[in-house]
Ligand code: DP6
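In the numbering used here, the protein residues as written are 1 to 368.
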């Protein structure tokens, strides 16, 4: 170590992807949700991002995705421009970002939630370190969630372990349109072993960008009913969480998934994102549930892939069902075996933080 101050800083975080059970669809103002949503984070699908602040050369932003100049760079540049109003120190440095996903690019998993979640955590850590604020505090997570939301709405739910709610709801006084809150109290252990088998029907690029899809809710004929439905579904789902009611869980989750697609089908212009194989999977999942009595259900984001949700204790039976009956309807027989992310009493010790804010010589040591 030279001992010479280099004024370079590094923050590196891992952030999971999440899957919504009650869907965010439609916005108001800047990146605020039309209705509250509820999700859980995944265990195996995550993004790792490092942010380096330096004063070498004169390139303001370098963005590398899996080692090569990333196509996401323009969106990141716009984002950094926007958040620099809140993080004025950003203007004093050149920024080098390296990012990688644990899941393949063509897996049909939306990466904006984990990407902006990880980036926001890095920026929050740097900000708190510069201002000497307490890292392990509710304010830290709130700020990370706000910064994540500004990049992609669903990302604000990814910074917390397990379940979180984003959007004002009467259910929680502390809920907000600006940031997500973690939901931990009183959830039945029945849900701690949730599994998510992501059945890949089509891994191609998205037919409708989320930002375009959200705009279709402006003036949508069902807008008011949708808002009311999402509030009711959040209440019902939370009741199911508290009582361990799997049947109610299944009813709400499938209602949300199909409502999201019904909204897309009835907007102008309208979109049908489900493929024949998506429908085949849905009907087979329902038939399997009826015949076997095993509590399985599906959720779907704004695309054709089907998330088959089930419980730990049924793993063997459900995996056999997937292999025997479902894989034939997946693109090249592909699926991703994922599960709910693990909880920890202290979010900062949940193992997602790979390295802490460092500077000067320590930084040199870390990257060498
Ligand atoms: C259908 O968070 O991707 O997955 O805020 O425009 O980046 P932007 O949208 P995004 O929308 C996700 C919509 C959804 C439902 C959900 O995750 O709640």
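The C-beta atom is built at its ideal place from N, Cα and C for all residues, glycine as well.
Contact check between the region 39-53 and the region 318-328: fewer than three CB pairs, one atom from each, fall below 8 Å, which does not count as touching.
In the structure shown, the three-state DSSP call for residue 302 is coil.
Around the beta-carbon of residue 30, fewer than 16 other beta-carbon atoms lie within 10 Å, marking it exposed. Counting only runs of 4+ residues, the alpha helix (DSSP H) found wholly inside the region 109-196 occupies 112-131, 138-151, in chain order.
Judged by the Cβ position, residue 24 qualifies as a neighbour of the ligand DP6 at the 7 Å threshold, a heavy atom of the ligand being closer than this. The criterion of a C-beta distance shorter than 8 Å is not satisfied by residue 237 and residue 309.
Using a C-beta cut-off of 8 Å, the region 117-135 makes no contact with the region 183-198, since fewer than three inter-stretch Cβ pairs fall below that distance.
The beta carbon of residue 141 sits closer than 8 Å to the beta carbons of 159, 160, 182, 347 from its chain, once the five residues preceding and following it are set aside; these are given in chain order.
Distances from the CB of residue 153 to the heavy atoms of the ligand DP6 include at least one below 7 Å.
About 7 Å separates the beta carbons of residue 119 and residue 151, which is inside the 8 Å limit, making them a contact pair. Less than 8 Å separates the beta-carbon of residue 299 from that of residue 253. With contacts defined as CB atoms closer than 8 Å, residue 42 and residue 21 fail to qualify as a contacting pair. For the pair residue 11 and residue 51, the CB atoms are nearer than the 8 Å cut-off. Residue 269 is positioned such that its CB atom lies no closer than 8 Å to that of residue 166.
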